[in-house]
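A quick write-up on the structure given underneath.
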Amino acid sequence: MLKPISRQTPLDAPEAFRAALRGWFEQNGRDYPWRRTTDPYAVLVSEVMLQQTQIATVLGRGFYTRFLERFPDVASLAAAEDEPLLKAWEGLGYYRRARMLRESARAVMQQHGGSFPRDHAGLLDLPGIGRYTAGALFSFAFDLPAPLVDGNVARVLARLFDRADPVDTGAMQKWLWNTAEQLLDREHPRIFNSALMELGQTHCRPGVPDCLSCPVSAFCQTREPSALPVKAKKQVIKEIDEHVLFVVDQGRLLMCQQGKGRREGMWRLPVRGKDEVAGLPLLHRRKYGITRYRVTLHLHDCAQGPPVATHRAGECWVPLPELARIVIPPADRAAITAVLDAAEEIA
DNA sequence: CATCCGTGGAG
DNA sequence: TCTCCAAGGAT
Numbered sequence: 237m238l239k240p241i242s243r244q245t246p247l248d249a250p251e252a253f254r255a256a257l258r259g260w261f262e263q264n265g266r267d268y269p270w271r272r273t274t275d276p277y278a279v280l281v282s283e284v285m286l287q288q289t290q291i292a293t294v295l296g297r298g299f300y301t302r303f304l305e306r307f308p309d310v311a312s313l314a315a316a317e318d319e320p321l322l323k324a325w326e327g328l329g330y331y332r333r334a335r336m337l338r339e340s341a342r343a344v345m346q347q348h349g350g351s352f353p354r355d356h357a358g359l360l361d362l363p364g365i366g367r368y369t370a371g372a373l374f375s376f377a378f379d380l381p382a383p384l385v386d387g388n389v390a391r392v393l394a395r396l397f398d399r400a401d402p403v404d405t406g407a408m409q410k411w412l413w414n415t416a417e418q419l420l421d422r423e424h425p426r427i428f429n430s431a432l433m434e435l436g437q438t439h440c441r442p443g444v445p446d447c448l449s450c451p452v453s454a455f456c457q458t459r460e461p462s463a464l465p466v467k468a469k470k471q472v473i474k475e476i477d478e479h480v481l482f483v484v485d486q487g488r489l490l491m492c493q494q495g496k497g498r499r500e501g502m503w504r505l506p507v508r509g510k511d512e513v514a515g516l517p518l519l520h521r522r523k524y525g526i527t528r529y530r531v532t533l534h535l536h537d538c539a540q541g542p543p544v545a546t547h548r549a550g551e552c553w554v555p556l557p558e559l560a561r562i563v564i565p566p567a568d569r570a571a572i573t574a575v576l577d578a579a580e581e582i583a
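When we follow the working numbering, the leftmost residue of the first sequence carries the number 237, and every step to the right adds one.
Structure (C-alpha cells):
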C-alpha cells in the first residue's frame, strides 16, 4: 500500500511543523511519572532506565517508582551500597547503567555541590550520560534547547525526509543530529523533544506505521514508511551451552558471586565445563539470550557428588531464604525457582 | 568504528 | 518459535 508524498519537508515550513507536532502532543501526550517532575535527578533516573529498555518494562514492573522510593535524591544514591543498588536494578539488564548512575550522583555531590549542572557540557561530562541523555535531561528537566536523537527520532526523521541511508553509520548519525537541531522548537524544547519521541512510539512506530492519523503526515516524504529506517549491521547470534551445578546442602544453595566484568557483583549458579558435569543428571534446562549469545542453560544435579571439594573462587553457600535478598540474573533465578518449586511439590 | 553490555514485549 | 529491537554509552 502506497502512502502519498508530501510536497514540503518539515524544514521547508519549520514553524508549521512545530505547531502541528506541539498541538498534537498537547492534546494526546501521555502522562508518564517523569513528565510530572522537573527534578533533574528524577528525570535522569528515568532516562537511564529507559536506555534500550521499553517504557512498559520500566513502568509496568515498577522499577522507576521503586528506585525513587529507595533512593529518593542524589545524596541517597551517591551513598548507595552495591547490593541494594543492584537489587533495585535486578531484571532491568545492562547493570553497568546502575553503577554509572551512582557515579553521576557522586559527581554531582562532589563536583557540583549537590545540584545538577545547568549547562549541556556539564551534563555530558557526567558518567553514563551521552549525547542523547544530556539532551533529554537538558530539555526535559530544564526546558532548555538541546536536540536529541534516539531510536524513535531516528525512525521519524528517516521517514519524514525519506532517508534510506543506514542509521548505524557515522554520516547518517551526523545528518540525524544536525536535522534534529535544525528542527528543534527552541521556544518549547521540552514539548518538542517529548512529542518527536512519542510520535515514534504511537503513529510512526516500527514496522507498519499509522500514517492516516499522523499529525505531521503533511510533511512526510516517504512512500514506503515500513521500509525505514534502514539498518546496515544485522547481529549474528551465537549459540552456546552453559552448564551449572545445582547443589543444596542443609538448606543452603551453592552460589558464585561474579567478579570483574559481566554481571559483576551478582550471584549465579556455579558454572562448570561440559566435561566436568559429564554423568551428572540433568535437573532443568532453559534458554535465554544475552547480548549476541543464545544460551542454553543446563542445571546439573550434584546431590551424589562431592560439592565442597569443587568450590572455586567466589563460590559459597547461600541459605535458601537469602536468595530473595541477593542479586541474581533472571535466567538463573527462574531456573532456581523452577527446580525448588518442583522439589517442593514432590515433598 | 566495532563490540560489548540484558531483558522482555511484540509481530 | 523466531526475529527484531527498545528513551544508548563506554571502551
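Just so you know, even glycine gets a beta-carbon here, dropped at the ideal spot from N, CA and C.
Backbone CA spacing between residue i and residue j [nearest angstrom]
i: Pro-461; j: Gly-364; result: 33 Å
i: Ala-324; j: Arg-426; result: 28 Å
i: Phe-261; j: Tyr-277; result: 24 Å
i: Glu-500; j: Arg-459; result: 47 Å
i: His-439; j: Asn-388; result: 11 Å
i: Ser-375; j: Trp-411; result: 20 Å
i: Pro-250; j: Asn-264; result: 21 Å
i: Ala-578; j: Leu-535; result: 13 Å
i: Lys-239; j: Gly-296; result: 34 Å
i: Pro-308; j: Glu-434; result: 27 Å
i: Tyr-585; j: Gln-409; result: Beyond the ends of the chain as shown, which are 237 and 583, falls residue 585; an answer cannot be given.
i: Arg-302; j: His-348; result: 26 Å
Per-residue burial, residue i [other beta carbons within 10 Å of its own, 16 or more giving buried]
i: Gly-436; result: buried
i: Leu-518; result: exposed
i: Gly-371; result: buried
i: Pro-557; result: exposed
i: Val-392; result: buried
i: Leu-627; result: This structure leaves residue 627 out entirely; the chain is present only between 237 and 583.
i: Leu-448; result: exposed
i: Ala-560; result: exposed
i: Val-403; result: buried
i: Thr-573; result: exposed
i: Pro-566; result: exposed
i: Val-444; result: exposed
Helix, strand or coil at residue i [DSSP, three-state]
i: Pro-276; result: helix
i: His-356; result: helix
i: Lys-523; result: strand
i: Pro-402; result: coil
i: Arg-254; result: helix
i: Thr-301; result: helix
i: Val-310; result: helix
i: Glu-283; result: helix
i: Glu-500; result: coil
Other residues of its chain near residue i: CB distance less than 6 Å, five sequence neighbours each side excluded
i: Arg-522; result: Leu-533 and Ala-571
i: Ala-256; result: Pro-451 and Val-452
i: Cys-492; result: Arg-504, Pro-506, Gly-550 and Glu-551
Other residues of its chain near residue i: CB distance less than 8 Å, five sequence neighbours each side excluded
i: Thr-245; result: Leu-396, Phe-397, Phe-455 and Gln-457
7 Å Cβ shell around residue i - same chain, five flanking residues per side excluded
i: Val-310; result: Tyr-277, Ala-341, Val-344, Met-345 and Gly-350
i: Gln-471; result: Arg-528
i: Ala-334; result: Leu-321, Leu-322 and Trp-325
i: Trp-413; result: Pro-383 and Val-385
Original post:
Taking only runs of the beta strand (DSSP E) that begin and end inside the stretch 318-375, which ones reach a length of at least 3 residues, in chain order?
Top reply: Every candidate beta strand (DSSP E) stretch fails here, since none sits fully inside the stretch 318-375 while reaching 3 residues.
**OP:** Note down, one range per segment and in chain order, each alpha helix (DSSP H) of at least 4 residues found wholly within the stretch 392-462.
**Re:** Whole alpha helix (DSSP H) segments, 4+ residues: 406-419 and 425-437.
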